[in-house]
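In what follows, a single structure is set out as structure tokens and then discussed.
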Amino acid sequence: MTINPNNGQMLMTSIPRDYYVKLANCGKKDKLTHSALYGGTENSIKTIEDFLDINIDFYARVDFQSVIQLVDALGGIDIYSDKAFIPYTDHGIKIPKGNVHMNGRMALAFARERYTYQSGDQHRTENQQAVLQAIIKKAASPKILTNYSEILDSIKDTFTTNMPSSSIRALVNKQLDDNIKWDFQKSFLKGEGVMQTGGYSMPKTRLWYSIPDEDSIELNSKYINAMCDGKKIDTEKKIFDVEKAEQEAKEAEKKTN
-18 MTINPNNGQM
-8 LMTSIPRDYY
2 VKLANCGKKD
12 KLTHSALYGG
22 TENSIKTIED
32 FLDINIDFYA
42 RVDFQSVIQL
52 VDALGGIDIY
62 SDKAFIPYTD
72 HGIKIPKGNV
82 HMNGRMALAF
92 ARERYTYQSG
102 DQHRTENQQA
112 VLQAIIKKAA
122 SPKILTNYSE
132 ILDSIKDTFT
142 TNMPSSSIRA
152 LVNKQLDDNI
162 KWDFQKSFLK
172 GEGVMQTGGY
182 SMPKTRLWYS
192 IPDEDSIELN
202 SKYINAMCDG
212 KKIDTEKKIF
222 DVEKAEQEAK
232 EAEKKTN
């Protein structure tokens, strides 16, 4: 997540957990998800910083139970599902097609589903971003924000962050004061799936990896760094500075008239 409360943009960048990248602690390649085995969260953060050429200020670490507890504490979230399905990970529930009010259990199952969709992992990533966006929208409402400490208390046993409480309060107060209507931008790092040996953790075992698309890495690095520089971006149009692009368009129009 890259957040700029001054211009109201929020960028969700999804990275495949099987991304085959150099681990920061040793320089050897392995799945991104294995980076935490060799230095915990700090190694995961440094690994991402290195291959994306970015700086990460804060992290938040959650697990499945965090998602359930958070969504339930918010009173559920509203999401559109383009298919009706029984989740592969939870056969005890059914996700209907259309606009669905989901509790925590449903939201988690929706975020984990891939077998229902032809595009598999790609659609699962889109679902995860949809869940995250719905959580943020609900959490940003004045009714919720005025009781944000109670929400955080509900997930305190399954949630860790290095963000100081003072920074959290500052974000909450800015949202309450400005009533920011967030412009959500979405992006995905792409890769090619392969079965191969050579991973640092299990070098002789054939495992599934996602070989990074270098153009995708460069594109996402530009998005994140542009936002950190205070610029508005547009991931659909692949624009790194909306204001500059609009100005150039106006100047080009003047020349043709």
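Its first residue numbered -18, the sequence shown is counted upward by one per residue in the working numbering.
We treat Cβ as the ideally placed atom computed from N, Cα and C, and that holds for glycine.
Excluding the 5 residues flanking it on each side, Y98 has same chain C-beta neighbours closer than 8 Å at K64, H104, R105, in chain order. Counting along the chain, no alpha helix (DSSP H) covers D138, and no H or E run does either.
Each residue's CA atom was taken as its position, placing L4 and R(-2) some 13 Å apart. In this structure, the alpha-carbon of I58 lies about 7 Å from that of K119. In the three-state reduction of the DSSP assignment, Q(-10) falls in the strand class, which pools E and B. Counting only residues of its own chain and dropping the five nearest sequence neighbours on each side, N(-15) has a CB closer than 6 Å to the CB of M208. Secondary structure at S182: coil, using DSSP grouped into helix, strand and coil. One alpha carbon belongs to Y129, the other to F165, and they sit about 21 Å apart. The stretch 144 to 152 makes no contact with the stretch 193 to 207: fewer than 3 CB pairs, one atom from each, lie closer than 8 Å.
Within the same chain, Cβ atoms closer than 7 Å to the Cβ of V43 are found at T139, F140, the five residues on either side in sequence being excluded.
Taking the C-beta atoms as reference points, P68 is found no nearer than 9 Å to E107. Under the 10 Å beta carbon count, A92 is surrounded by 16 or more other beta carbons and is classified as buried.
For G85, the closest of D53, G73, H72 by C-alpha to C-alpha distance is D53. At least 9 Å separates the beta-carbon of Y0 from that of T22. DSSP, read as helix, strand or coil, puts Y61 in strand. In the DSSP assignment, I(-16) falls within the unbroken beta strand (DSSP E) covering -17 to -15. For E234, the enclosing alpha helix (DSSP H) begins and ends at 223 to 237. Nearest C-alpha to W189 among N(-13), T14, L18: T14. In the structure shown, Q177 falls within a strand segment according to DSSP collapsed to helix, strand and coil. Taking the CA atoms as reference points, I220 sits about 10 Å from E227. Secondary structure of I29 (DSSP, three-state): helix. With fewer than 16 other beta carbons inside 10 angstroms of its own, S122 counts as exposed. Of the other Cβ atoms in all chains shown, 16 or more fall within 10 Å of the Cβ of A88; this residue is therefore buried. Going by C-alpha positions, D159 is about 39 Å away from S16.
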